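Undergrad: Chains as they are written, first to last, in the numbering used here: chain A, 1 to 202; chain B, 1001 to 1137.
Before we start, here is the structure in question, set down as structure tokens.
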Amino acid sequence: MDSTTSELPTRTPLRATASNGLKIVVVGGFGVGKTTMVRAVSEIRPLSTEEVMTQAGATVDVNNGAYAKTTTTVAFDFGRISLDEQMVLYLFGAPGQERFWFLWDSLFAGTLGAVVLVDTRRLADSWYAIDRLEHHGTPFIVARNNFEPPVHDLSAVRGALDLSPDVPLIDCDARNRDSAKQVLITLVNHLYALSTARENTP
Amino acid sequence: MNATNANPEWLLENLVSITPGARHALVLSKDGLKLYHTASLSEDKADHLAAIGAGVQALSHGASMEFGDGTGGIRNSMTEFHGGILFIVEAGAGAHLAVIAAEDADVGLVGHNMDELVEQIGPFLSTGPRFAGSRQP
């Protein structure tokens, strides 16, 4: 498994026409690819708080399946991407391990929507993320990150996560800029659809 | 002092006892887990402080990369909050030393004593990477 991004994002300055800033969080279990995704799509140098995993964590941070993982996020990732002339997404990647969960509630403040990244080898790791988002009432989509070719179909994943039918569930490769961008576009479309539906409800 | 016989927990207790205002001391791994701490911290509090310390230092590293000389090097972090002060300095490889002190503690003295401890026994306050060849990202 190679967790480096497929291409180096260009470092573009923020456009003068940018008028809509949306705060988005990327959440999910330990080692699912959150940092990789923020790095893949960010147009600025991403703030990364990765540290080498030490021997102290050998029995705590068990990365079943994520063999090549040697570093882990200890605060949060930050990146930015412009979707069009006006819309700019500010991306915050949450840390995955339980000992950093106390940070999540502050990260979620002011968030318009979230991406839950899941790895089907460790699906249970994403339950906490989904639970917190439902608790906060934050709209979200679920993206299955395929570091390796998927073995289940998406409806099985939907069933296993007990997702409601109106939560979008898509496939992605967090290392690939276009694929990760597609995930964000899906989220923005979902947010737009939700707000339109709200406006049309008397 | 004979550093080869150094007992990290005893040295942390000593640091707290010779530093007026210091309450707790903890050595944490850079990925946010406790290594050694004073008996004043419960296991739960030590776990929490270890995660906080790693996060603060990692964000400070980000500040250094973006606004410092570009090497990402950090010396120390200090946070004054209502009811106390948190100090963190780099200890040995892969580790940080954190101290919680009272609000009115002499910050110069706390910092000095922490630096002195790291100078004396820094190499013992460390933890190696889990996987050979792991490199700083």
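All residues carry an ideal CB built from backbone N, CA and C; glycine is no exception.
Here the structure is a predicted model, which means the values were calculated and not measured.
(1) Measuring CA to CA, which of Ile24/A, Asp173/A, Arg15/A and Ser19/A is closest to Asp119/A?
(2) Ends of the alpha helix (DSSP H) at Phe1067/B?
(3) Buried or exposed: Thr12/A, going by 16 or more other Cβ atoms within 10 Å of its Cβ?
(4) Which one or two residues does DSSP pair with Glu1080/B in a beta bridge?
(5) Are any of the Cβ atoms in chain B nearer than 9 Å to that of Leu103/A?
(6) 9 Å is my cut-off, CB to CB: does Met53/A come that close to chain B?
(7) Which residue from Ala124/A, Ala160/A, Thr59/A and Ile24/A puts its Cα closest to that of Val32/A?
(8) Taking Gly1094/B as the reference, give the member of His152/A, Met53/A and Ile44/A with the closest Cα.
(9) Roughly how many angstroms separate the alpha carbons of Phe1131/B and Asn1076/B, rounded to a whole number?
(10) List the residues of chain B that Arg80/A touches, going by C-beta distances under 9 Å, in chain order.
(11) What is the residue span of the beta strand (DSSP E) that Thr72/A lies within?
(12) Of the residues Ser1126/B, Pro1129/B, Thr1127/B and Ile1121/B, which one's Cα is nearest the Cα of Leu1011/B?
(13) Going by alpha carbons, who is nearest to Lys23/A out of Asp153/A, Ser155/A, Phe102/A and Phe140/A?
(14) Within 10 angstroms of its Cβ, does Ser106/A collect 16 or more other Cβ (buried), or is it exposed?
TA: Quick look at the numbers:
(1) The residue given as residue 119/A occupies position 119 in the first sequence. Answer by Cα proximity: Asp173/A.
(2) For this step, residue 1067/B is matched to residue 67 along the second sequence. In the DSSP annotation of this structure, the continuous segment of the alpha helix (DSSP H) that includes Phe1067/B starts and ends at Glu1043 to Phe1067.
(3) On the first sequence, position 12 is the one that residue 12/A refers to. With fewer than 16 Cβ atoms within 10 Å of its Cβ, Thr12/A is classed as exposed.
(4) Position 80 of the second sequence, counted from the start, is the residue given in the question as residue 1080/B. Per the DSSP secondary-structure output, Glu1080/B pairs in a beta bridge with Ile1085/B.
(5) Position 103 of the first sequence, counted from the start, is the residue given in the question as residue 103/A. Closer than 9 Å: yes.
(6) Residue mapping note: residue 53/A aligns to position 53 of the first sequence, counting from 1. Chain B contact via Cβ: present.
(7) Along the first sequence, read from residue 1 onward, the residue named residue 32/A stands at position 32. When C-alpha distances from Val32/A are compared across Ala124/A, Ala160/A, Thr59/A and Ile24/A, the shortest belongs to Ala124/A.
(8) In the second sequence, residue 1094/B corresponds to position 94, counting from 1. Per the C-alpha coordinates, the member of His152/A, Met53/A and Ile44/A positioned closest to Gly1094/B is Met53/A.
(9) Along the second sequence, read from residue 1 onward, the residue named residue 1131/B stands at position 131. Along the second sequence, read from residue 1 onward, the residue named residue 1076/B stands at position 76. Each residue's CA atom was taken as its position, placing Phe1131/B and Asn1076/B some 27 Å apart.
(10) Your numbering for residue 80/A matches position 80 in the first sequence. None at all; the shortest Cβ gap to chain B is about 13 Å.
(11) Stepping through the first sequence from its first residue, residue 72/A is reached at position 72. Residue range Thr71 to Thr73 is occupied by the beta strand (DSSP E) that includes Thr72/A.
(12) Looking up residue 1011/B in the second sequence gives position 11. Nearest C-alpha to Leu1011/B among Ser1126/B, Pro1129/B, Thr1127/B and Ile1121/B: Ile1121/B.
(13) Numbered from its first residue, the first sequence carries residue 23/A at position 23. That would be Phe140/A, whose Cα lies nearest to the Cα of Lys23/A.
(14) What you label residue 106/A is simply residue 106 of the first sequence in a count that begins at 1. The Cβ neighbour count for Ser106/A, taken over all protein chains shown within 10 Å, is under 16; the residue is labelled exposed.
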